[in-house]
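First the structure, in the form of structure tokens, and then the observations on it.
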Amino acid sequence: MEEISFDDFLKIQLRVGRIVTAEIFKDARKPAYILHVDFGDELGIKKSSAQITGLYNTEGLVGKLVVAVVNFPNKQIGPLMSECLVTGFHNEDGDVALCVPDKDVPLGTRLL
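With the UniProt record's numbering, you'll find the sequence shown wraps up at 112, consecutive numbering, no jumps.
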């Protein structure tokens, strides 16, 4: 495993957001959702494509807090311009479990 410095870590903007809408990404090559995530007043709402259909449905995602990288360059994913990367972990079946805070924190709070 490659080591990074603390300064390298500080370059990554991991922030808490709340999913405000989730819909099936019909044009995705692999099953995915389009998420609209609210990061509060400073960052606003950002879109993301998330391949999390194995463990989540759209109704259950709305209102959920998530942790996302918000300072990657935007990435074109089919017809969607993804503006953040929602984080998660693969389980033993290969499905992605979201990385989520276990308590409420203000939207936009940075992970340090």
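Where is the CB? At the ideal position from N, CA and C, for every residue including glycine.
Exercise. So what does DSSP say about residue 23, is it helix, strand or coil?
Worked result: strand
For this session: Using alpha carbons as the reference points, say which of 36, 76, 2 and 7 lies closest to residue 22.
Result: 36
Exercise. Do you know whose CA, among 53, 4 and 67, lies nearest residue 102's CA?
Worked result: 67
For this session: Work out the CA separation of residue 10 and residue 31 for me, nearest whole Å.
Result: 32 Å
For this session: Look up residue 63 in the DSSP assignment and say whether it is helix, strand or coil.
Result: coil
For this session: Quick one: give me the first and last residue of the beta strand (DSSP E) that residue 93 is part of.
Result: Residue 93 -> no beta strand (DSSP E), and no H or E assigned at all.
For this session: Pick out whichever of 57, 63, 18 and 62 has its Cα sitting closest to the Cα of residue 43.
Result: 18
Problem set entry | Reduced DSSP category for residue 8 - H, G, I as helix; E, B as strand; rest coil | helix
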